[in-house]
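Here the protein sequences line up with chains A, B, C and D, keeping their order.
Position one of the first sequence corresponds to residue 1 (full-length UniProt numbering), numbered consecutively onward.
Position one of the second sequence corresponds to residue 1 (full-length UniProt numbering), numbered consecutively onward.
Position one of the third sequence corresponds to residue 1 (full-length UniProt numbering), numbered consecutively onward.
Position one of the fourth sequence corresponds to residue 1 (full-length UniProt numbering), numbered consecutively onward.
Have a look at the structure below, then the notes.
Protein chains: 4
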Amino acid sequence: MRELGVGLIGTGFMGRAHALAFNNVRAVFELPVTLKLAALADADVERARRCATAWGFARVHNDWQQLIDDPTVDVVAITTPNHLHYPMAMAAVAAGKAVYCEKPLAVSLEQAAAMRRAASAAGVVTRVGYNYQHNPMIVLARQMIDNGELGQIISFQGEFSEDFMADPASPWSWRCDVEHAGGALADLGSHLLSMARFLVGDVESVCADTQTIHTQRPASAGSAERRPIVVDDQVHALLRFAHGARGTLSSSWLKRGYKNHLSFEISGTRATLAFDQERLNELRLCRAGEDGFQRVLAGPALPGYAAFSPAAGHQLGYNELKTLEVHELIMALAGQGSTGIDFAAAWEVERLAAAIRLAARQERWVRVSEV
Amino acid sequence: MRELGVGLIGTGFMGRAHALAFNNVRAVFELPVTLKLAALADADVERARRCATAWGFARVHNDWQQLIDDPTVDVVAITTPNHLHYPMAMAAVAAGKAVYCEKPLAVSLEQAAAMRRAASAAGVVTRVGYNYQHNPMIVLARQMIDNGELGQIISFQGEFSEDFMADPASPWSWRCDVEHAGGALADLGSHLLSMARFLVGDVESVCADTQTIHTQRPASAGSAERRPIVVDDQVHALLRFAHGARGTLSSSWLKRGYKNHLSFEISGTRATLAFDQERLNELRLCRAGEDGFQRVLAGPALPGYAAFSPAAGHQLGYNELKTLEVHELIMALAGQGSTGIDFAAAWEVERLAAAIRLAARQERWVRVSEV
Amino acid sequence: MRELGVGLIGTGFMGRAHALAFNNVRAVFELPVTLKLAALADADVERARRCATAWGFARVHNDWQQLIDDPTVDVVAITTPNHLHYPMAMAAVAAGKAVYCEKPLAVSLEQAAAMRRAASAAGVVTRVGYNYQHNPMIVLARQMIDNGELGQIISFQGEFSEDFMADPASPWSWRCDVEHAGGALADLGSHLLSMARFLVGDVESVCADTQTIHTQRPASAGSAERRPIVVDDQVHALLRFAHGARGTLSSSWLKRGYKNHLSFEISGTRATLAFDQERLNELRLCRAGEDGFQRVLAGPALPGYAAFSPAAGHQLGYNELKTLEVHELIMALAGQGSTGIDFAAAWEVERLAAAIRLAARQERWVRVSEV
Amino acid sequence: MRELGVGLIGTGFMGRAHALAFNNVRAVFELPVTLKLAALADADVERARRCATAWGFARVHNDWQQLIDDPTVDVVAITTPNHLHYPMAMAAVAAGKAVYCEKPLAVSLEQAAAMRRAASAAGVVTRVGYNYQHNPMIVLARQMIDNGELGQIISFQGEFSEDFMADPASPWSWRCDVEHAGGALADLGSHLLSMARFLVGDVESVCADTQTIHTQRPASAGSAERRPIVVDDQVHALLRFAHGARGTLSSSWLKRGYKNHLSFEISGTRATLAFDQERLNELRLCRAGEDGFQRVLAGPALPGYAAFSPAAGHQLGYNELKTLEVHELIMALAGQGSTGIDFAAAWEVERLAAAIRLAARQERWVRVSEV
């Protein structure tokens, strides 16, 4: 069996989530390749060493370019801050390596477009970390839509809200920085845009409203220094899908009470289906002829669930969605077709977000193809 | 104590709901007037007589103008089909009588404007049946907003969806008729618009999308004859409130699983508050500093609830909201200031709906004052 | 049509609830009799007069015996404190009048047995106010059980908890008085016992545990004087039904967070069905072959609901359950068979409660027929 | 740092769950030891080899005694069928090794007692796999109880129900075998008993009812051959805790709609707290003075959660509870005191289950100390 060497850049929370996923995918799935945790890169080489031991990587680099050039590395996983996605991914693509990059793809639409073109030209496999879509309940939702169980899809109403910036004393961070693709739409809303496209298809045009409520924040926790904030705290948008469905999108990082409220309701002529990431093992479903909404709980009839547990009700966690994402990546690398989000699909998400920003700025409907 | 004579036009479901409310308000509240069920009008005089006996009205008329002219009638309650609201209300106002009219106020914005002007010129008390707003939980929500418990209101997301037209075989009815103010926006959405205005204030501008999914329906149940449908099956809109809040509105009568899903979430800088008419005795609330949403159940600390029950958890029903509405009407007639929806406020709702239709037709943001 | 005269004793909250119900039943249902609100009795004759006017009663009495003897009274409704149920009901039965008595039937099992015997000997119609059973959702539950939709019933788990005595500073009241049938089992649990019998049938034997947590309370609100408390604050019991089902019952008036948590889950070989009075317009149901629990919302397919509203989702309130109870009473008085709780059935509830107390006291299983 | 060698017996679902946990614990926690996956045993040596590669074990044994004797093994993890727990654990204890055994501890109370005595005499660390207790939400519940936030605990109502045997055509398995500690009480109820003891303390006496509904089942899936069933399909019990709380326990594997309904409500004088394993990242809580139940969502304020995610709302899954259990085991092996379930505590659970069976058989209250 072919050996596949993984190189991971970054040792933060997301780096560890990748490491867990690459370890677990070997235990949970029968893979068509032999997976090897080849190399880990971090500028702090001591930290890199410590993490490599804990996470099972064979060697370390303190320079990410070295990791990319490392001949034992076949796929480069990028978990660094957003503004580094572009140079790292471009270098990896240039080296003919597959790339697995955290979202967002880049900090500008131009970067994203360049990454997409480069990957396409090089013919390498790419994936972007929209891990929520690998949830077996989302895969089930997609299947139900594809099978026509919902009938014609007529409405998508989505919201991704959290409250981690609700306190005006929450300090500035790179998430507030427009050059690092900041704002609620970029940070949260992009997950929902990707989800909407995954489930309902291309969006044709949008109209939107974005707003900054807290126009300055402490420069750091507890600091008296204030930094101005220009990125959006909340966004509301209207969506028109290519196949005719209409919908709304809302995203806020100021909404008290929500921690991970990536949620949607999809209305079809034959059924309504609803989901909330805060209860990620459930769907709510009401089919024509039924009295009311039913709670559908994840169980082993779904392959992505069965990989982890033979019994319903055991529940998957966030980190297991990452393992499922990594599994899909590996299957794609082994040439077994799939539905993952590649650079082209991630660019579509960025373009859609850009269309929303443009529509808000110009206060008009914008065709996504304008952007 | 002054005697107040009630004249009721109409003996359908809504007529009976009024009759129940006028009966119950006397038992439930200490009123500043002596309420007398003076007269009931229906073109079918036999039916009028039967209902008058069952509902406790003193006399009957088979002609609504006679009821308006009846000297024992001080307030005219109108529960007839929408297109009759205008002539009846105008006649009552002309006779100097108070008017209590079911929603929508009229079948065109022009009619509504004329009714508003006439009532204002005549100086009569008017009320329109947006009964959901008299729910003690909604009154509580309004108080919390007024008291600043939610902080600055930054977002209103509202939806009123039902499924009673979801089946394409559901036949045409006057609700599908554009001349009778048909469509999901008029039938359902207007309740939500009134609610949004009651809670968050004036809407300044809107952008919207309306859609007819089933463009023809059986002329009547089971009929092979088809009638074309042009009114909206669903609507999605963006709202900008005068005081700065932003939001979305969705309304559909095709959404499987919902029966009376008049719902909203209001996000403030200090708390989030949510409501769903399908569980009308509850609010969901999360204040700054709290771990998550709390279920607040209606109880006797709320005057509107205490009128019906001394113990929490007993729950009010739809008909009791009507009794609360009638109580507010009577208090207004007795000169005791209140927050009911009069013709001026109902005209604002109609104008807002018209602005939404215009925005959808012209695919642009529309200032409400344009209409 | 025969005229039926109603005499009501008591003008408190429950008196008013009866008055509302007798008024509304005429508006809501087509009755086989002409209902007349004949007389209202209260020792305070001024209060009686005021209420009679507000509630529509023809005359007043300041002596309940006079009301019973009043020839215009055919059915005597008793809403006085528990210890007066016995003398009033016995007098009414002796006068050959029908009796509609609030629960509990009496303050001792001996009284209840005497009332049952007297009513049976006199052949009068009797009803006891277990109004929760008239909820259309409960009627639906009973139908589903009778039709075999749940299969063989194997388990009933019921709980009726509230928190109105949770604060140790909540003062003594007659509800704490053993001579007035006090305690959580009598006050709350008896509703659940009646519900269990209505849905699952006779209980054959019980084992139980009762407990007084707060053994003294202020004599009145804010008082420094303490009164000893001996009635149960909470009870837990095992139930064996005659037809083989087993179950548990819990009741507490100390349970923080609950306001009217009269709830149960019934497990059958083909489905599980759950209910909670705090959401009285809903059932939760999962049938064999279905993925999970479904929310069934009350709608006009249920006659008891259709009487009040032609549209699903409008929701009934507590007072409307009372109207449904009164409707069943009137149908029974008109000789049209029904499922209401008469003195015999109410005595069974009291006997079952007595068996639970005996089982707790003697710490052993008790056959209900022992009592 | 000391090296700790792990030997794992068994390669089924639970074996893999252990393997995942031992791998992940190294990535997720800073450990006070160097953890080494030393050896994996399975009678099928080919399977052992394949799994060892996928799961990262250094060597394999086809004989479990060899694994126990392997000098690189310090702790023996047992994931074999229940009847093998006793011989394996006894051998490991005899070899002076620490033991980490899946639940139930043994298939008879006698075995469990012998295991407990042997472990105590040998002075080895032992742990039993009641992994649900390592959920950060359960740890939080325990802390709240210990801190007095709930006040005096007065009631525990627990239920663990599933539906995997609800279909009478579900075949016989070892779970139905009385010699392998079968039945709903053993399989499901024991988790709840352990949870009740963990949260509320020792149980002093019990009364109970057990029932077999389907007294025969197919010998295997689809087989016409029937095997008689004598173990309990459902159990209901009353519990009296040593510190005064009272409660109920229900367990069923026939209850339609439930997949992993390990649930409880704990009522204290100051708060009520509720949990359901089907939503394992949540608690419901109502404190004195609050309006209603609040949903508390797991977040990084809880150390067990923070180990996996820095952000609230990300949610843990079943397998991560296992990682937390393994972490606690390692801390105990490193001499850092903790709250895990050792053989003594697991024997208490078995004794309590035996007391429940005795109480059901003899239809009387049983003191746990009688058994």
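All C-beta atoms, glycine included, are put in the ideal place defined by N, C-alpha and C.
None of these values were measured; they are calculated from a predicted model.
{"Item": "Span of the alpha helix (DSSP H) holding Arg26 of chain B?", "Value": "13-28"}
{"Item": "Specify, as a first and last residue, the run of the beta strand (DSSP E) that Ile78 of chain D falls within.", "Value": "75-78"}
{"Item": "What residues from the region 307-321 of chain A come within 8 angstroms of chain D, judged by C-beta to C-beta, listed N to C?", "Value": "Phe308, Ser309, Pro310, Ala311, Ala312, Gly313, His314, Gln315, Leu316, Gly317, Tyr318, Asn319, Glu320"}
{"Item": "Output, in sequence order along the chain, the residues in the region 105-132 of chain D whose CB is closer than 8 angstroms to any CB in chain C.", "Value": "none"}
{"Item": "May I ask you to list the residues that DSSP assigns as paired with Lys36 of chain A?", "Value": "A:Gly5"}
{"Item": "Hey, would you say Gly151 of chain D sits closer than 8 angstroms to Ala271 of chain D, going by beta carbons?", "Value": "yes"}
{"Item": "Let me confirm a value: Val178 of chain A is counted as buried when at least 16 other C-beta atoms fall within 10 Å, else exposed. Which label applies?", "Value": "exposed"}
{"Item": "Quick one: list the residues of chain D neighbouring Gln234 of chain C, beta-carbon separation under 9 angstroms, in chain order.", "Value": "Ile154, Ser155, Arg246, Ser267"}
{"Item": "Would you grab the beta carbon distance between Ser161 of chain A and Ser252 of chain A for me? Rounded to a whole angstrom, and I think it's under 8 angstroms.", "Value": "4 angstroms"}
{"Item": "Can you list the alpha helix (DSSP H) stretches of 4 or more residues lying completely in the region 267-353 of chain C, in chain order?", "Value": "303-306, 318-333"}
{"Item": "Given a cut-off of 8 angstroms on the beta-carbon distance, is the pair Asn260 of chain D and Glu278 of chain D in contact?", "Value": "yes"}
{"Item": "Would you say Phe293 of chain A faces chain C, with C-beta separation under 8 angstroms as the test?", "Value": "yes"}
{"Item": "So what does DSSP say about His243 of chain B, is it helix, strand or coil?", "Value": "coil"}
{"Item": "Got a sec: is the Cβ-Cβ distance from Arg16 of chain D to anything in chain A below 8 angstroms?", "Value": "yes"}
{"Item": "Are Pro303 of chain B and Ser223 of chain B closer than 8 angstroms when you measure CB to CB?", "Value": "no"}
{"Item": "Taking Cβ-Cβ distances shorter than 7 angstroms, what residues in chain B pair up with Phe259 of chain C?", "Value": "In the sequence as displayed, the identity of residue 259 of chain C is Lys instead of Phe. Result: Leu297, Gly299, Ala312, Gly313."}
{"Item": "For a quick check, are the C-beta atoms of Lys103 of chain C and Gly129 of chain C less than 8 angstroms apart?", "Value": "yes"}
{"Item": "Out of A:Ser250, A:Pro218, A:Arg47, which has the shortest C-alpha to C-alpha gap to Trp174 of chain A?", "Value": "A:Pro218"}
{"Item": "Given a cut-off of 8 angstroms, decide if Gly268 of chain A and Ile153 of chain A are closer than it, judged by their beta-carbon atoms.", "Value": "yes"}
{"Item": "Compute the distance between the beta-carbons of Glu325 of chain A and His134 of chain A, then report whether it is under 8 angstroms.", "Value": "yes"}
{"Item": "Beta-carbon of residue 372 of chain C versus every beta-carbon of chain D: anything under 8 angstroms?", "Value": "In this structure chain C extends from 1 to 371, so residue 372 of chain C is not present and cannot be described."}
{"Item": "Hey, would you say Val25 of chain B sits closer than 8 angstroms to Phe308 of chain B, going by beta carbons?", "Value": "no"}
{"Item": "Give a yes or no on whether 8 angstroms exceeds the smallest Cβ distance from Ala54 of chain A to chain D.", "Value": "yes"}
{"Item": "Identify every residue that forms a DSSP beta bridge with Tyr100 of chain A.", "Value": "A:Ala77, A:Arg127"}
{"Item": "So Ile68 of chain B is in the alpha helix (DSSP H); what residue range does that whole segment cover?", "Value": "64-69"}
{"Item": "Looking at chain D, which residues of the UniProt domain \"GFO/IDH/MocA-like oxidoreductase\" (140-273) of chain A have a Cβ within less than 8 angstroms of any of its Cβ atoms?", "Value": "Glu162, Phe164, Tyr258, Lys259, Asn260, His261"}
{"Item": "So, for Gln65 of chain A: in the same chain, excluding its five sequence neighbours on each side, which residues have a beta-carbon less than 7 angstroms away from its beta-carbon?", "Value": "Ala91"}
{"Item": "Indicate whether at least one CB of chain B lies closer than 8 angstroms to the CB of Cys286 of chain A.", "Value": "yes"}
{"Item": "Could you check whether Val60 of chain B and Leu37 of chain B sit closer than 8 angstroms to each other, using their CB atoms as the reference points?", "Value": "no"}
{"Item": "Count the other CB atoms within 10 Å of the CB of Val200 of chain D; is the residue buried (16 or more) or exposed (fewer)?", "Value": "buried"}
{"Item": "Whether or not the region 287-305 of chain A and the region 315-334 of chain A are in contact is what I'm after, with contact meaning three or more pairs of Cβ atoms, one per stretch, closer than 8 angstroms; do they touch?", "Value": "yes"}
{"Item": "Helix, strand or coil, according to DSSP, for Val371 of chain A in the structure here?", "Value": "coil"}
{"Item": "Identify which residue in D:Ala245, D:Asn82, D:His18, D:Val125 has its Cα closest to the Cα of His180 of chain D.", "Value": "D:Asn82"}
{"Item": "In chain order, what residues of the same chain lie with their CB nearer than 6 angstroms to the CB of Thr53 of chain A, ignoring the 5 residues before and after it?", "Value": "none"}
{"Item": "How is the alpha helix (DSSP H) around Asp146 of chain D delimited, first residue to last?", "Value": "136-146"}
{"Item": "In the structure shown, what three-state DSSP assignment does His214 of chain B receive?", "Value": "coil"}
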